[in-house]
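Chemist: Every position in the sequence shown, counted from 1, becomes a number in the numbering used here once 102 is added.
For every residue, glycine included, the Cβ atom is placed at its ideal position computed from N, Cα and C.
Just so you know, these numbers come straight off a predicted model, no measurement behind them.
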Amino acid sequence: MKSSELLNDLAAVFRWTAKLNMHEGIANHLSVCSPEAGGGFYVNGTGMHFSKIKASDLVLIEDKKFEEMKNKPEIVDPTAINIHGTIHKKVPNAKCILHVHSKYALALSCLKDPTLPPIDQNTMRFYNRVAVYKEFGGLGFEEESEKMANSIGNYNILLLANHGILTAAPTIAQAFDDLYYFEKHVKTYITALSTGKELI
103 MKSSELLNDL
113 AAVFRWTAKL
123 NMHEGIANHL
133 SVCSPEAGGG
143 FYVNGTGMHF
153 SKIKASDLVL
163 IEDKKFEEMK
173 NKPEIVDPTA
183 INIHGTIHKK
193 VPNAKCILHV
203 HSKYALALSC
213 LKDPTLPPID
223 QNTMRFYNRV
233 AVYKEFGGLG
243 FEEESEKMAN
253 SIGNYNILLL
263 ANHGILTAAP
273 TIAQAFDDLY
283 YFEKHVKTYI
293 TALSTGKELI
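1) Please classify Glu107: is it buried, with 16 or more other beta-carbons within 10 angstroms of its beta-carbon, or exposed?
2) Whole angstroms is fine: what's the gap from Arg231's alpha carbon to Ile259's?
3) Tell me which residues share the same chain as Lys292 and place their Cβ nearer than 6 Å to its Cβ, disregarding the 5 neighbours each side in the sequence.
4) Rounded to whole angstroms, what is the Cα-Cα separation between Arg117 and Leu132?
5) Since Met124 contacts Ile185 with CB under 8 Å, what's their CB separation in whole angstroms?
6) Please confirm if the segment 160 to 176 is in contact with the segment 196 to 203, defined as three or more CB-CB distances below 8 Å between the two stretches.
7) Classify Thr269 as helix, strand or coil using the three-state DSSP reduction.
8) Residues bridged to Phe116 by DSSP?
9) Can you tell me which of Tyr257, Thr188, Lys154 and Thr181 puts its alpha carbon nearest to the alpha carbon of Leu281?
10) Between the alpha carbons of Val178 and Ala294, how many angstroms are there, rounded?
11) Could you name each continuous alpha helix (DSSP H) segment of 4 residues or more that falls completely within the segment 173 to 230, going from the start of the chain to the end?
12) Report the residue from Glu285, Ala129 and Ala120 whose alpha carbon sits nearest the alpha carbon of Ser211.
13) In terms of residues, what are the limits of the beta strand (DSSP E) holding Leu261?
14) On the three-state DSSP scale, how would you describe His287?
15) Within 10 angstroms of its Cβ, does Gly266 collect 16 or more other Cβ (buried), or is it exposed?
16) When we look at the beta-carbon of Thr269 and count the other beta-carbons within 10 Å, is it buried (16 or more) or exposed?
17) Report the residue from Thr119, Ile128 and Pro137 whose alpha carbon sits nearest the alpha carbon of Pro272.
Structure follows, in structure tokens:
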């Protein structure tokens, strides 16, 4: 796909994430690798509300300018450059990365055992297909970003303890599909737990 098509698709994901209330306003970050020569990735800039983001608002972080851009927090959050940049580089499958603090994925990430069990035909989709990073220290600096990239391995979903979810996939469509359905199916599990009754 051309850059323009990727940016239009990612901008649509920002707005849909807001529409589905799976966002925190101007926090969280979504990114996609640039198909152009020179590499790098596009990500949302500082202070842009998810519901307002257009393709033209996305910021290109070129490979050769990673360190320079980390010193410009008024343009892009440095932790976004660390986390997304590191995972894009170290995980070949991660052409698109979506990181949010959605309600039910976040709730699951706060449990001592954050496993999503196969309690119905829908939750079965994610059984043994989610990586869990239990050492999350709160900010995605260089060392933290490396650990996250190592943790995700060949999975498309990384659950960050006490922090939320990150999906990484070859396409924007797959990354969003995983994000949407994981949240939906975790809601089923959390709702079942909230009854206080024994699961079957």
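Modeler: Taking the coordinates as given:
1) Classification of Glu107: exposed, given that the 10 Å Cβ count is below 16.
2) Computed Cα separation, rounded: 7 Å.
3) Note on identity: in this sequence residue 292 is Ile, with Lys being the wrong assignment. Excluding residues within five positions, the ones whose Cβ falls inside 6 Å are Tyr206 and Ala209.
4) CA-CA distance, Arg117 to Leu132, rounds to 11 Å.
5) Between Met124 and Ile185, the beta carbon gap of about 18 Å keeps them out of contact (Cβ cut-off 8 Å).
6) No, because fewer than three Cβ pairs between the segment 160 to 176 and the segment 196 to 203 fall closer than 8 Å, the two stretches do not touch.
7) Reduced to three states, the DSSP call for Thr269 is strand.
8) Looking at the DSSP output, Phe116 bridges to nothing.
9) Of Tyr257, Thr188, Lys154 and Thr181, the smallest CA-CA separation from Leu281 is found for Tyr257.
10) Those two C-alpha atoms are separated by around 39 Å.
11) Whole alpha helix (DSSP H) segments, 4+ residues: 180 to 192 and 205 to 211.
12) For Ser211, the nearest C-alpha among the options comes from Glu285.
13) From DSSP, the beta strand (DSSP E) with Leu261 extends over Ile259 to Leu262.
14) DSSP places His287 within a helical segment (H, G or I) once states are collapsed to three.
15) When all chains shown are included, Gly266 counts as buried.
16) Taking a 10 Å sphere around the C-beta of Thr269, we find 16 or more other C-beta atoms and assign the residue as buried.
17) If we check each option's Cα against that of Pro272, Pro137 comes out closest.
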